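Each remark here refers to the structure printed beneath this line.
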Amino acid sequence: MKIAFSPPNQLTLLRILLTPVFLVFLFSQSPILRQLSVVVFILALLTDWYDGWVARRWGYVTRWGTFLDPLADKIVTSAALISFVLLDLAPAWPVWLIVMRDIAITLLRSYSEWKGKPFDTTRFAKTKTFLQFVVIYYILILYVARSSGYFNREYGGATEVLLDNTLLSVLIILIAVITVWTGILYIINNRATIRELHEYSTRVTESR
């Protein structure tokens with residue numbers, strides 16, 4: 005598969021490349037690098053908005069970009085959520101539910117769009133994405149703030165309350181429930197398209 009290196013696709017690839025930078029900074033022992041991890045994460049998500057705008061504004065919409073863009077989004081968000089598990093900021097099982105659902109639906113949707121049969125996106129799915137970002141930013145910013153010497157001295161008690169394990173578990177489980185539910189809605193609303201893709205894949209396999 006030939007990659008079209010248009011400006012939006014370059015931004016999408018940059019978003020993927022920023023993910024390991026974000027992880028290195030987040031897990032660093034340096035408070036400054038941890039603070040920079042927030043900047044990198046924000047930058048990665050800004051490229052998501054900007055590459056979509058450029059693609060629509062200047063007609064750079066490509067099949068490759070349609071496939072790669074949502075996948076890059078899930079790489080970034082999944083990396084953040086898994087990091088929270090490793091940092092004991094979130095329970096593992098709801099995070100894995102979120103990650104597996106997002107990967108499965110993203111691959112299915114990307115393959116569908118690649119074949120010219122785009123999935124219908126519900127408003128509820130957009131709400132899910134917004135809530136995911138809110139929770140990720142909430143945990144990330146408070147965790148980084150807690151590692152800051154000044155902020156911890158001045159507001160250490162507040163960050164401990166806001167990063168309470170029970171509260172974080174409730175937030176992550178809530179997001180997991182919403183995420184899985186939107187995945188079910190995706191399948192129900194696009195079952196005809198999924199059936200056609202399955203039949204197409206079967207024909208291709210049998211013809212080999």
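Quick note, my numbering runs 4 ahead of the 1-based positions in the sequence shown.
All C-beta atoms in this analysis are idealised placements derived from N, C-alpha and C, irrespective of residue type, glycine included.
All figures in this text were calculated on a predicted structure; none of them were measured in a lab.
Legend entry - Straight-line Cα distance separating residue 49 from residue 224: For residue 224 there is no data in the structure shown, the boundaries of the chain being 5 and 212.
Legend entry - Alpha-carbon to alpha-carbon, residue 51 and residue 32: The alpha-carbon atoms of residue 32 and residue 51 are separated by roughly 24 angstroms.
Legend entry - Whole alpha helix (DSSP H) elements within the region 148 to 204, 4-residue minimum: 153 to 166, 169 to 193
Legend entry - Inter-stretch contact at 8 angstroms, needing at least 3 Cβ pairs: the region 130 to 143 / the region 75 to 89: yes
Inset, instruction - Might you give, ordered along the chain, the residues of its own chain that have their beta carbon closer than 8 angstroms to the beta carbon of residue 146, omitting 5 neighbours on each side? - result: 163, 166, 167
Legend entry - Under 7 angstroms between C-beta atoms of residue 172 and residue 94: yes
Inset, instruction - Rounded to whole angstroms, what's the CA-CA distance from residue 174 to residue 149? Just pull it up for me. - result: 21 angstroms
Inset, instruction - Could you tell me whether any non-hydrogen atom of the ligand NAD is closer than 6 angstroms to the CB of residue 178? - result: Among the ligands in the structure shown, none appear at all, so the ligand NAD cannot be discussed.
Inset, instruction - Report the rounded CA-to-CA distance for residue 22 versus residue 13, giving the unit in angstroms. - result: 14 angstroms
Legend entry - Contact between the region 175 to 187 and the region 95 to 107 (3+ Cβ pairs under 8 angstroms): yes
Inset, instruction - Specify the secondary structure class of residue 94 as computed by DSSP and reduced to three states. - result: coil
Inset, instruction - Using a threshold of 7 angstroms, state whether the C-beta atoms of residue 151 and residue 35 are closer than that. - result: yes
Legend entry - Top-ranked residue by Cα proximity to residue 38, from 29, 44, 18, 46: 29
Inset, instruction - Give a yes or no on whether the C-beta atoms belonging to residue 179 and residue 135 are separated by under 7 angstroms. - result: yes
Legend entry - As assigned by DSSP and simplified to three states, the class of residue 6: Only weak support is given to the placement of residue 6: the predicted model assigns it a pLDDT of 44, under 50, and the value that follows is read from those uncertain coordinates. Residue 6 falls in the coil class under three-state DSSP.
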